[in-house]
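Novice: Here it is, the structure in full.
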Amino acid sequence: MKTIAARDLRKMRDADEEFLLVNTLPADKFQQTKIPGAVNIPQDASDFVTRVEQQVGGKNRTVVVYCASAQCDSSTRGADKLQNAGFTSVYDFADGYEGWQQINKEKEGGRKAKEDATLKR
Numbered sequence: 000m001k002t003i004a005a006r007d008l009r010k011m012r013d014a015d016e017e018f019l020l021v022n023t024l025p026a027d028k029f030q031q032t033k034i035p036g037a038v039n040i041p042q043d044a045s046d047f048v049t050r051v052e053q054q055v056g057g058k059n060r061t062v063v064v065y066c067a068s069a070q071c072d073s074s075t076r077g078a079d080k081l082q083n084a085g086f087t088s089v090y091d092f093a094d095g096y097e098g099w100q101q102i103n104k105e106k107e108g109g110r111k112a113k114e115d116a117t118l119k120r
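So that you can map any letter, position 95 of the sequence shown is 94 in numbering that gives the first Met the number 0, and since no number is skipped, the others follow by simple counting.
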């Protein structure tokens with residue numbers, strides 16, 4: 000199974016690469032763990048694979064699955080289901096929402112430091 004790091008996911012988004020970002024948690028957890036642009040398809044739903052395929056438009060399209068954090072295995076189970084169903088480009092964003100939050104804090108922190116340095120000139 001392929002995994003993807005937060006920085007690489009950000010690069011994919013910044014480059015406007017085509018992929019489907021799937022939050023694999025139950026619907027009641029989605030709003031608290033939503034990455035912009037993600038859809039919620041719980042991995043434990045009986046129609047998980049069908050719903051992902053309908054959203055992405057085929058099994059050869061890129062799908063990135065995630066859940067709350069590195070301690071959550073929902074995305075790993077979802078990625079396994081997709082691979083077993085014949086999807087060819089599946090990534091598990093194992094750090095999940097917490098990893099996404101961290102990379103955004105680092106980016107914002109870097110921007111703030113750059114702005115502060117500019118102001119000091």
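Heads up, the beta-carbon is just placed ideally off N, CA and C, and yes, glycines get one too.
To which residues of the same chain is A14 closer than 7 angstroms at the C-beta, ignoring the five residues directly before and after it?
Specialist: Closer than 7 angstroms at the Cβ level, and outside the excluded window around A14, lies no residue.
Novice: Per DSSP, what are the beta-bridge partners of L19 in this structure?
Specialist: Partner(s): V62.
Novice: Could you tell me the alpha carbon to alpha carbon distance between V51 and I40, rounded to whole angstroms?
Specialist: The alpha-carbon atoms of V51 and I40 are separated by roughly 7 angstroms.
Novice: Would you check if the distance between the CB atom of Q54 and the CB atom of L81 is smaller than 8 angstroms?
Specialist: No, they are not a contact pair.
Novice: For the beta strand (DSSP E) containing F91, name the first residue and the last one.
Specialist: The sequence shown places Asp at residue 91, not Phe. That run of the beta strand (DSSP E) goes 88-92.
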